[in-house]
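Worksheet for the structure shown next.
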């Protein structure tokens, strides 16, 4: 039977369907690690914040033939128009390649990084243009190729053509390529391409997202025809699962409408990271003139009545905040009236902005006086971190109508106005001497080595934190091993990298807030960095008034407990947070844990409370890698009771890296590394570098949504 028979049959079957899609085809991941057809890319890219995890069995065996093997691909849409992916290609999963080489059997097990960028500024009704590369950087680049591609959507068709250059010996993606995608149904598509060497055809079936509880999209692919003579068989298959990395991505929220009169001023001031002007929509009577001496006796008598009515509302507000799970809650009011709220957030551990949104929403909910103003102070272990102030009526309009509020936001402590009467006996719900237990995985792994496609050591880690006084507490970390692959077991090759049972950390920490935006934290205690050390870590950080800039200095000294040996490290760094694009840039340098000296750079692309980062460092080796961080705990954790709290890891990170700039690809272990604990300035106090006025201004929509979700 001719190979064209399946193509004709599929085409006739598809044409027999009555319902025809009238929208542009969806973007799919091809077998080579890009959005595209089968082997060729299109000019489309993954949506920002979307990830795709895929597997297919079409192995490009050293550019000489196609064989039945294993391709594992992880792709992410990092930025508008930018898509990156990592791919593992192997023809066996667990064979020891040292042994097979000795027996004369040459095998492939390769890790590669790929990227594609869609050129901006091209009118939407023209075409899409993208450039990209496969197996970029690294050592032993077996699949290196570069391309430029143009795509045009017309009805339910997508036409793509481009030019590429590659090291492929049979000529795939080495010349001019072209392809057509046809999506007659939302769940079905046909693709035909010429990859510069052969004609390929594939069919794709998409499982509706609703069938998967709206978690993501599952796609099944079959390459059922190819004219190539360099293949073991005609048919190959693949499976892909795509989903948004975070449900709290900024694009998922309702847009905030600008206030009629102060929108331009608010945008300008928020860009500078200083307090914004108050909205002209705010009441212009007593709310715009808070000095009691300037008001007549009639307004004073009205205020007296309002203050009397406020007492009940203030008590109800405090009780509501305590019921929400907040700690160190203080609520007071003066005769202006100005409502003052101080609180700490132990429940919205993914992101403090959710806690701020709920508290500000509660103020607008419980305070009815149209002339009232508010000051809200967020702290941690009695250390003031961020304050917000504005008019209650103005913020209420923000909640009800989605109109940009007039907020004044400052780092650190704000001056509380005089005459404030606090409700109750001091702060409610003390945070001290209440244990907080965080559970999460600890994972050590290797990818695409001569010993296997994937080897790992997995442990369950328990982290216990007990605050004891202002800025101080005890932190104890222990873990138990859950599973090891064979190569990580005792006596095997990766034994030195395996997770271990027992105590990992036992430290006392003390944090201070210093003038002019400085913070300092010292940790002292037991550290198990392969061997047991008693050590000290000191970190000093300066945060700019806008929160966009951070400078930090970290020093650690460790004394080996069993021998007369010690080691230290000293690293300085700078962070810039481009809040408008949710991207942060990091650069650090100095002497690291393994006495390697050099520089490290990293870019984090944030999507809600998750991020994908691209990093590189140059110490005594050159390494590049990609990592991701996701929360493994609900958006709102359980409240802290008198017995404590159990929660998940709010920012679990895992990554993979490869050596670059060398002719070999030997594994690198803990270079450019500094010891980490679950307590740090950035993680515990600064909301992973996002606790700033600039960040709040850029995420007003989430501020509002948090209250509407949890009110």
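Residue numbers (mature numbering (1 follows the signal peptide of the UniProt record, and there is no 0)): -21 to -1, 1 to 690. Glycine residues also receive a C-beta, built at the ideal position from the N, C-alpha and C atoms. Here the structure is a predicted model, which means the values were calculated and not measured.
Exercise for review: Decide if residue 202 is buried, meaning its Cβ has at least 16 other Cβ atoms within 10 Å, or exposed.
Suggested key: What you label residue 202 is simply residue 223 of the chain shown in a count that begins at 1. It is buried - the Cβ of residue 202 has at least 16 other Cβ atoms within 10 Å.
Practice item. Starting from residue 76, follow the alpha helix (DSSP H) in both directions and report where the run begins and ends. Key: As a working note, residue 76 is residue 97 in the chain shown. Note, residue 76: alpha helix (DSSP H), 76 to 81.
Practice item. Return the chain-ordered list of same chain residues with a C-beta closer than 7 Å to the C-beta of residue 226, the five sequence neighbours on each side being excluded. Key: As a position in the chain shown, residue 226 is number 247, starting the count at 1. Same-chain partners within the cutoff: 587.
Point to revise | the segment 598 to 609 contacting the segment 633 to 652, beta-carbon criterion three pairs below 8 Å | key: yes
Exercise for review: Return the residue from the list 685, 690, 689 that minimises the CA-CA distance to residue 232.
Suggested key: Here residue 232 refers to the residue found at position 253 when the chain shown is read from its first residue. Checking every option, the nearest Cα to that of residue 232 belongs to 685.
Practice item. Answer with buried or exposed for residue 678, where buried requires no fewer than 16 other C-beta atoms within 10 angstroms of its C-beta. Key: Within the chain shown, numbered from 1, the residue matching residue 678 stands at position 699. Under this definition residue 678 is a buried residue.
Point to revise | Cα-Cα separation, residue 293 to residue 393 | key: As a working mapping, residue 293 is identified with position 314 in the chain shown. As a working mapping, residue 393 is identified with position 414 in the chain shown. Cα to Cα, the separation comes out at about 20 Å.
Exercise for review: Find out if the Cβ-Cβ distance for the pair residue 352, residue 366 is shorter than 8 Å.
Suggested key: Position 373 of the chain shown holds residue 352. Position 387 of the chain shown holds residue 366. No, the pair does not count as a contact, with Cβ atoms beyond the cut-off.
Review point. Got a sec, what are the start and stop residues for the beta strand (DSSP E) residue 657 sits in?
Key: Within the chain shown, the letter at position 678 stands for residue 657. It is not in any beta strand (DSSP E) - residue 657 carries neither H nor E in the DSSP assignment.
Review point. Which residues mark the beginning and the end of the beta strand (DSSP E) in which residue 54 is found?
Key: In the chain shown, the residue the question calls residue 54 occupies position 75. Where residue 54 is concerned, the enclosing beta strand (DSSP E) stretches over 44 to 58.
Practice item. Give me the Cα-Cα distance between residue 421 and residue 345, rounded to the nearest whole angstrom. Key: Taking the chain shown and counting its residues from 1, the one referred to as residue 421 is at position 442. Taking the chain shown and counting its residues from 1, the one referred to as residue 345 is at position 366. So the two alpha carbons sit approximately 44 Å from each other.
Exercise for review: Quick one: residues in its chain with C-beta nearer than 6 Å to the C-beta of residue 658, no 5 flanking neighbours on either side, listed in chain order?
Suggested key: Taking the first residue of the chain shown as position 1, residue 658 is located at position 679. So the qualifying residues of the chain are 454, 488.
Exercise for review: Starting from residue 684, trace the alpha helix (DSSP H) both ways and give me its first and last residue.
Suggested key: Counting from 1 along the chain shown, the entry for residue 684 is found at position 705. From DSSP, the alpha helix (DSSP H) with residue 684 extends over 679 to 689.
Review point. Just the Cα atoms here: how many angstroms apart are residue 222 and residue 538?
Key: Taking the chain shown and counting its residues from 1, one reaches residue 222 at position 243. Taking the chain shown and counting its residues from 1, one reaches residue 538 at position 559. Their Cα atoms are separated by approximately 46 Å.
Point to revise | Rounded straight-line distance, which links the Cα of residue 211 to that of residue 139 | key: The count along the chain shown starts at 1 and reaches residue 139 at position 160. The count along the chain shown starts at 1 and reaches residue 211 at position 232. If you take the alpha carbons of residue 139 and residue 211, they lie about 27 Å apart.
Check your understanding: Across which residues does DSSP place residue 508 in a beta bridge pair?
Key -> Taking the first residue of the chain shown as 1, we reach residue 508 at position 529. As a beta-bridge residue in DSSP terms, residue 508 pairs with 510.
**Study point:** Cβ pair residue 496, residue 391 closer than 8 Å
**Key:** Your numbering for residue 496 matches position 517 in the chain shown. Your numbering for residue 391 matches position 412 in the chain shown. Yes, they are a contact pair.
Point to revise | Beta-bridge partners of residue 363, as assigned by DSSP | key: The residue you call residue 363 lines up with position 384 of the chain shown. Beta-bridge partners of residue 363 (DSSP): 358.
**Study point:** Assigned exposure category for residue 101 - 16 Cβ within 10 Å defines buried
**Key:** Along the chain shown, read from residue 1 onward, the residue named residue 101 stands at position 122. Per the 10 Å Cβ criterion, exposed.
Exercise for review: Throw me the rounded Cβ distance for the residue 317 and residue 396 pair, which I believe falls under 8 Å.
Suggested key: Within the chain shown, the letter at position 338 stands for residue 317. Within the chain shown, the letter at position 417 stands for residue 396. At roughly 5 Å, the Cβ-Cβ gap stays under 8 Å, so residue 317 and residue 396 are in contact.
Check your understanding: Between the segment 607 to 625 and the segment 406 to 426, do at least 3 Cβ pairs fall closer than 8 Å?
Key -> yes
**Study point:** Coarse secondary structure for residue 194, derived from DSSP in three states
**Key:** Translated into positions along the chain shown, residue 194 becomes position 215. DSSP places residue 194 in coil when its eight states are reduced to three.
Practice item. With a floor of 3 residues, list each beta strand (DSSP E) that falls wholly inside the segment 291 to 356, ordered by position along the chain. Key: 306 to 312, 317 to 323
Practice item. Answer yes or no: does any C-beta atom of chain E fall closer than 8 Å to that of residue 315? Key: The structure shown contains no chain E; it is built from a single protein chain.
Exercise for review: Just tell me which of 128, 87, 121, 215 has its CA closest to the CA of residue 106.
Suggested key: Counting from 1 along the chain shown, the entry for residue 106 is found at position 127. Considering only alpha carbons, the answer is 128.
Check your understanding: In whole angstroms, what is the alpha-carbon distance linking residue 673 and residue 216?
Key -> Residue 673 sits at position 694 when you count from the first residue of the chain shown. Residue 216 sits at position 237 when you count from the first residue of the chain shown. Distance between the alpha carbons of residue 673 and residue 216 is about 47 Å.
Exercise for review: Report the rounded CA-to-CA distance for residue 82 versus residue 76, giving the unit in angstroms.
Suggested key: To locate residue 82, count along the chain shown from 1; it is residue 103. To locate residue 76, count along the chain shown from 1; it is residue 97. Their Cα atoms are separated by approximately 10 Å.
Review point. Three-state secondary structure (DSSP) at residue 473?
Key: Position 494 of the chain shown, counted from the first residue, corresponds to residue 473. It is coil, neither helix nor strand.
Check your understanding: residue 643 bridges to which residues according to DSSP?
Key -> As a working mapping, residue 643 is identified with position 664 in the chain shown. Beta-bridge pairing links residue 643 to no other residue.
Review point. Can you give the Cα-Cα distance for residue 457 and residue 483, rounded to whole angstroms?
Key: Taking the first residue of the chain shown as 1, we reach residue 457 at position 478. Taking the first residue of the chain shown as 1, we reach residue 483 at position 504. Roughly 5 Å separates the two Cα atoms.
**Study point:** Assigned secondary structure, residue 380 (DSSP; H/G/I helix, E/B strand, else coil)
**Key:** The residue you call residue 380 lines up with position 401 of the chain shown. Reduced to three states, the DSSP call for residue 380 is helix.
Check your understanding: Among the residues of its own chain, which have a CB less than 8 Å from the CB of residue 57, if the five just before and after it don't count?
Key -> For the purposes of this step, residue 57 is identified with residue 78 of the chain shown, where counting begins at 1. Here the set comprises 27, 63, 584, 591, 593.
Review point. Excluding five sequence neighbours on each side, which residues of the same chain lie with their C-beta closer than 8 Å to the C-beta of residue 682?
Key: Residue 682 sits at position 703 when you count from the first residue of the chain shown. Around residue 682: 332, 335, 336, 339, 675.
Practice item. Run the CB neighbour count on residue 181, radius 10 Å, all protein chains shown included, and call it buried at 16 or more, exposed below. Key: Counting from 1 along the chain shown, the entry for residue 181 is found at position 202. Result: buried.
Check your understanding: Taking the Cβ atom as the reference point for each residue, do residue 664 and residue 490 lie within a distance shorter than 8 Å?
Key -> Stepping through the chain shown from its first residue, residue 664 is reached at position 685. Stepping through the chain shown from its first residue, residue 490 is reached at position 511. Going by C-beta atoms, residue 664 is nearer than 8 Å to residue 490.
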